[in-house]
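At position 93 of the sequence shown the residue is numbered 93 (the UniProt record's numbering), and the sequence of numbers has no breaks. Ideal Cβ placement from N, Cα and C applies to all residues, glycine included. Heads up: the structure comes next, in structure tokens.
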Amino acid sequence: MFLVDTHAHLNLPEYKEDIDIIIKRAESAGVKRIIVPGVGMEENKKSLFLSKEYSSCFSAFGIHPNNVTPSTIDDITEIRALCLDNNKVAAIGEIGLDYYRKYTSLDIQKTMFKEFLTLAGELDFPVILHSRNAEQDFWDILSGMKNFKNYGVVHCFSGDKDFLKKILSLGFHVSFTGVVTFKNSDMIKSLVREVPLERLLLETDSPYMAPEPMRGKICSPDYIVYMLETYAKIYNCSKEEIAEITTSNANNLFKLGIENKGKIAYPIRNSLYLNITNRCTNRCSFCTREKSDFVKGHELKLDREPSLEEIVVAMGDVSKYDEIVFCGFGEPTLRIKIIKEVSAYLKKHGKKVRLVTNGQAELINKRPVAKEMKGLIDTVSVSLNAPVKESYDKLCYSVFGEDAFNNVVSFAQHVISEGISVEITCLDMIGEEKIAVVKNTARELGASFRLRYFDVVG
């Protein structure tokens, strides 16, 4: 298991005597990357030292809002130099607004927040943000910056649901501390449920807010493992999936040097998905692959198409999965021979097999293929996506042009006639009236219907 603690103040006095032990303990627990944010210039320099001394540590340079003064503008000049002169800088942070304690002038806080965001924009670094009791000013500044790309994380999130939705709408990630594990943390857990897993990061905020069962102790990065079970329950997936997805999220955001390789087989909940090609006959306007190489933290961009042997090795022990699903960053039926070979292997192991397809298999292969699936595929999920040909063409841009839509419908009919279960799907983005027509088409075909949600994958 590979974990990333995106926020640990190992540059504070609590760790002065035993930093070696703390980092070794973290690495033994699987925490292979730790971002050490600065809260003042002394801590920034200690963060830099740790990043040079330990391979797992990366720096973030900033001044906490409770520590800013008029002279912080000079510190920003020094921070710029630190960022330009060192190669293990993950972000600008910790920066933001804190109106809870009001140790510093609110006007100075706002001014320096803008200056730090400008710095991050000029150097193209993500930001690690702090917001406490300052939601409106925080939002006004963040959403109003013209020279800053909106990417980073709002750490130790403490706002309400409306504020969370605003932050997510800008493209930011969100992280929560060990408080999420507390028995009385229902409100925090309800906020977590609003965060897409692809936007969640793990943090301990060490030395503060240690999770259960270490509550009350000085927190350290290895305690992050105690948070996995809570997140797994919230997202209805395994602890390993939480680890893999949040690690991928952190690596993509902060450029932590963790090697990603396109996955052939990738688990989501109790299913194992097979990514056998990146080729596709559609260019759908809504397709995830047009925006990202990742689904649920799994990189799906292949450097080549896998062989039968490679797919079998990638699947490993299939006994722990409820079903195996052909679904990746391409149209699986472009490799109908491989689908049949892999399915035959899976049937020998007593597994249910599902195919997710754009329904153009018979156009692709220039022959009826439904008969060839009988006894190998249990369910075929056909992405119809639109109620009629005209709207289908505008959404999906098939290489088969006007022939595509009717052939998708007829393919579904042929599959059903072979006694294979079929579900017809479309996206919520097409609107209620069109959804109703697609539902009716499914009913007339004798298929089930499932509504998919735009930008929710996996």
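With 16 other CB atoms within 10 Å as the buried threshold, where does residue i fall?
{"i": "N246", "result": "In the sequence as presented, Asn is not what sits at residue 246; that position holds Thr. Buried is the call here."}
{"i": "residue 472", "result": "There is no way to answer for residue 472, as the model of the chain reaches only from 1 to 458."}
{"i": "R283", "result": "exposed"}
{"i": "residue 459", "result": "Outside the displayed range of the chain (1 to 458) lies residue 459, so it cannot be described from this structure."}
{"i": "P70", "result": "exposed"}
{"i": "L191", "result": "buried"}
{"i": "H349", "result": "exposed"}
{"i": "V380", "result": "buried"}
{"i": "E241", "result": "buried"}
{"i": "M315", "result": "buried"}
{"i": "E122", "result": "exposed"}
{"i": "T77", "result": "exposed"}
{"i": "N270", "result": "exposed"}
{"i": "D428", "result": "exposed"}
{"i": "Y453", "result": "exposed"}
{"i": "R193", "result": "exposed"}
{"i": "K291", "result": "exposed"}
Since residue i and residue j are thought to touch, with beta carbons under 8 Å apart, how far apart are those beta carbons, to the nearest angstrom?
{"i": "V437", "j": "P387", "result": "3 Å"}
{"i": "V353", "j": "V457", "result": "Wrong, their Cβ atoms sit about 20 Å apart, outside the cutoff."}
{"i": "I92", "j": "V127", "result": "5 Å"}
{"i": "S220", "j": "A26", "result": "7 Å"}
{"i": "V174", "j": "R199", "result": "6 Å"}
Could you spell out the range, first to last residue, of the beta strand (DSSP E) harbouring residue i?
{"i": "C426", "result": "S421 to L427"}
{"i": "F411", "result": "Segment A404 to S417 is the alpha helix (DSSP H) holding F411; no beta strand (DSSP E) there."}
{"i": "A91", "result": "V89 to D98"}
{"i": "F326", "result": "E323 to F326"}
{"i": "I245", "result": "Here I245 belongs to no beta strand (DSSP E); instead the alpha helix (DSSP H) covers K239 to F254."}
{"i": "A60", "result": "C57 to F61"}
{"i": "R289", "result": "Unbroken run through R289: none, as it is neither H nor E."}
{"i": "F361", "result": "Looking at the sequence provided, one finds Ala at residue 361 rather than Phe. Where A361 is concerned, there is no enclosing beta strand (DSSP E), although the alpha helix (DSSP H) it sits in stretches over A361 to N365."}
{"i": "K352", "result": "K352 to T357"}
{"i": "A265", "result": "A265 to I268"}
{"i": "K32", "result": "V31 to P37"}
{"i": "F449", "result": "S448 to R452"}
{"i": "T69", "result": "No beta strand (DSSP E) contains T69, which DSSP labels as neither H nor E."}
{"i": "S383", "result": "T379 to S383"}
{"i": "V4", "result": "L3 to D5"}
Ends of the alpha helix (DSSP H) at residue i?
{"i": "D20", "result": "I19 to S28"}
{"i": "V342", "result": "I336 to K348"}
{"i": "R80", "result": "T72 to D85"}
{"i": "C396", "result": "K389 to C396"}
{"i": "K45", "result": "M41 to E53"}
{"i": "I234", "result": "V225 to Y235"}
{"i": "A442", "result": "E432 to L445"}
{"i": "V312", "result": "L308 to M315"}
{"i": "L191", "result": "D186 to V192"}
{"i": "M373", "result": "A370 to M373"}
Residue i: which of the options sits nearest, CA to CA?
{"i": "E42", "options": "K32, F61 and E27", "result": "F61"}
{"i": "I420", "options": "L427, C426 and F411", "result": "F411"}
{"i": "I435", "options": "Q413, S391 and V415", "result": "S391"}
{"i": "T181", "options": "K149, F138, V174 and V225", "result": "V225"}
{"i": "G330", "options": "N365, R289 and G144", "result": "R289"}
{"i": "S51", "options": "D75, C83, E310 and K189", "result": "C83"}
{"i": "E418", "options": "D378, S292 and N385", "result": "D378"}
{"i": "R450", "options": "F400, S383 and I416", "result": "S383"}
{"i": "I276", "options": "I234, K233, L170 and K301", "result": "K301"}
Verify the contact flag: residue i, CB atom, against every heavy atom of the ligand SAM, threshold strictly below 7 Å.
{"i": "L355", "result": "Only the bare structure without any ligand can be found here, which leaves the ligand SAM out of the picture."}
Threshold first: 4 residues or longer. Then list the alpha helix (DSSP H) segments lying entirely within the region 104 to 181, N to C. 106 to 123, 135 to 144 and 161 to 169
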